[in-house]
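A.B. asks:
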Amino acid sequence: MTDLAIGERVRRARRGVAPGGSGRQRPHTARKGPSARSLTLVLLVLPSVLLIALLNLYPVLYGSVQSLRDGTLISDGDFVGLENFADVLTSPGFWAAARFTLIFTVVGVFGSWAVGLALAMLLRTRIPGGKVFKVLLLLPWVVPVVVTSTSWNWLVATPQSPLPIIGELLGLGRVLFLADPLLASITVCVFKVWISFPFMMMMMSASLASVDENVYEAGRVDGASRRQLFTHLTLPLISRSTYISWILMTIFCVNDFPTIFLLTGGGPVNATTSLVVLSYRTTFAQYQTGPGTAIALLMTATLVIVSVVLYRQIRKVDIA
Numbered sequence: 206m207t208d209l210a211i212g213e214r215v216r217r218a219r220r221g222v223a224p225g226g227s228g229r230q231r232p233h234t235a236r237k238g239p240s241a242r243s244l245t246l247v248l249l250v251l252p253s254v255l256l257i258a259l260l261n262l263y264p265v266l267y268g269s270v271q272s273l274r275d276g277t278l279i280s281d282g283d284f285v286g287l288e289n290f291a292d293v294l295t296s297p298g299f300w301a302a303a304r305f306t307l308i309f310t311v312v313g314v315f316g317s318w319a320v321g322l323a324l325a326m327l328l329r330t331r332i333p334g335g336k337v338f339k340v341l342l343l344l345p346w347v348v349p350v351v352v353t354s355t356s357w358n359w360l361v362a363t364p365q366s367p368l369p370i371i372g373e374l375l376g377l378g379r380v381l382f383l384a385d386p387l388l389a390s391i392t393v394c395v396f397k398v399w400i401s402f403p404f405m406m407m408m409m410s411a412s413l414a415s416v417d418e419n420v421y422e423a424g425r426v427d428g429a430s431r432r433q434l435f436t437h438l439t440l441p442l443i444s445r446s447t448y449i450s451w452i453l454m455t456i457f458c459v460n461d462f463p464t465i466f467l468l469t470g471g472g473p474v475n476a477t478t479s480l481v482v483l484s485y486r487t488t489f490a491q492y493q494t495g496p497g498t499a500i501a502l503l504m505t506a507t508l509v510i511v512s513v514v515l516y517r518q519i520r521k522v523d524i525a
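Residue numbers (my numbering): 206 to 525.
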């Protein structure tokens, strides 16, 4: 089956046209103005929207003001302009935290997506105890992160933990996962994938359930291999949900404070200090609200840019 034919299948599936159909759509009628029902719904929703906007807008505005001052938690301090941003952007600690945040986010997003998609496709097949298996796979996401991080600390934190003992029995020496900077970074990233893949699995399961099986049957009839079905049918048809899940998981990873703080506290030697942990330390441990809020605002701006880029990809999928 040629890639051109598979692409046509995908476009027909997105438009809701059955394989072999003519693809003709009903002519568009001219849109009328807003109806009384639409205006009523807007008026009913407007108070909640305004309340949410105020609750979110006030902290942003207050943080923006604080980022321009050299204050503390109990004093606003003097106006210093963009000096806090200049200090932050020239700090080696900021760029080290930014580098780890990037690694943590990339591994968290794509690692959890790959594991979640693989499990979602596996659960679509008939396997013994599939429903029970699906419920068990949700536990890393359902269990509070405090409990999960405590369990992982018990597994890897000390020389008496199970995994270091197993490593020593295998001749690898005494491996201290949270004492070595590289191993601590790897452990934190793996831990993030562990607690996040159930979310991705549910997103991908819902997206796969919406794909018409007739599309796959038509592809098999045309001679498409499993790889072609996956790369040219499955991935394009679930791309919208994929981009949405990437946006959400990127926000979750960048803003993830408890996962890192409860497992390593940002150590050893700041190897696992992310931007949100650095912002917390700067504000609440060093009592420097200006640089701390400046870091938070830089994170916010980065997330907005990433979200806009991925949202444009979603619009391209909708238009295609």
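We put the CB at the ideal spot given by N, CA and C, even for glycine.
Compute the distance between the beta-carbons of isoleucine 400 and proline 349, then report whether it is under 7 Å.
C.D. replies: No, the pair does not count as a contact, with Cβ atoms beyond the cut-off.
A.B. asks: Helix, strand or coil: how does DSSP classify arginine 331 here?
C.D. replies: Arginine 331: coil per DSSP, three-state reduction.
A.B. asks: Would you check if there are 3 or more beta carbon pairs closer than 8 Å linking the segment 461-468 to the segment 381-394?
C.D. replies: Yes: the two stretches touch, three or more of their Cβ pairs being nearer than 8 Å.
A.B. asks: Spatial neighbours of leucine 515 within its chain, please: C-beta separation below 7 Å, excluding the five flanking residues on both sides.
C.D. replies: Same-chain partners within the cutoff: Tyr448, Trp451 and Ile452.
A.B. asks: Since arginine 274 sits in a beta bridge, which residues does DSSP pair it with?
C.D. replies: Its beta-bridge partners are Phe284.
A.B. asks: According to DSSP, is phenylalanine 435 part of a helix, a strand, or is it coil?
C.D. replies: Residue state, collapsed to three classes: helix.
A.B. asks: With DSSP run on the structure shown, which of helix, strand or coil describes tyrosine 492?
C.D. replies: In the structure shown, tyrosine 492 sits in coil (DSSP, three-state: anything other than H, G, I, E or B).
A.B. asks: With valine 314 as the anchor, note down where its alpha helix (DSSP H) starts and where it stops.
C.D. replies: No alpha helix (DSSP H) holds valine 314; DSSP gives it neither H nor E.
A.B. asks: Look up threonine 531 in the DSSP assignment and say whether it is helix, strand or coil.
C.D. replies: Here the chain covers residues 206 to 525 and nothing more, so residue 531 does not appear.
A.B. asks: Inspect the CB distances between the segment 273-280 and the segment 354-363 and report whether three or more fall short of 8 Å.
C.D. replies: As far as the Cβ criterion goes, the segment 273-280 does not touch the segment 354-363, which means the pair count is below three.
A.B. asks: Using alpha carbons as the reference points, say which of Val265, Gln491, Met406 and Ala429 lies closest to leucine 343.
C.D. replies: Closest option to leucine 343, Cα to Cα, is Met406.
A.B. asks: Assign glycine 298 to one of two classes, buried (16 or more other C-beta atoms within 10 Å of its C-beta) or exposed (fewer than that).
C.D. replies: Exposed is the call here.
A.B. asks: Less than 7 Å between the C-beta atoms of asparagine 526 and valine 481, yes or no?
C.D. replies: Examination of residue 526 is not possible in this model, given that the chain is present from 206 through 525 alone.
A.B. asks: Could you have a look at aspartate 292 and say whether DSSP puts it in helix, strand or coil?
C.D. replies: In the structure shown, aspartate 292 sits in a helix (DSSP, three-state: H, G or I).
A.B. asks: Using 7 Å as the threshold, is the C-beta distance between leucine 442 and valine 416 below it?
C.D. replies: In this structure, valine 416 lies closer than 7 Å to leucine 442 by Cβ.
A.B. asks: Could you tell me which whole alpha helix (DSSP H) segments of length 4 or greater appear in the segment 334-418?
C.D. replies: Fully enclosed alpha helix (DSSP H) runs of 4 or longer: 335-342, 344-347, 350-361, 367-374 and 386-414.
A.B. asks: With the cut-off set at 7 Å, would you say serine 190 and threonine 498 are in Cβ contact?
C.D. replies: The structure shown does not extend to residue 190, since the chain is modelled only from 206 through 525, so no value can be given for it.
A.B. asks: Please report how far the alpha carbon of leucine 259 lies from the alpha carbon of serine 512, in whole angstroms.
C.D. replies: In a straight line, the C-alpha of leucine 259 is about 22 Å away from that of serine 512.
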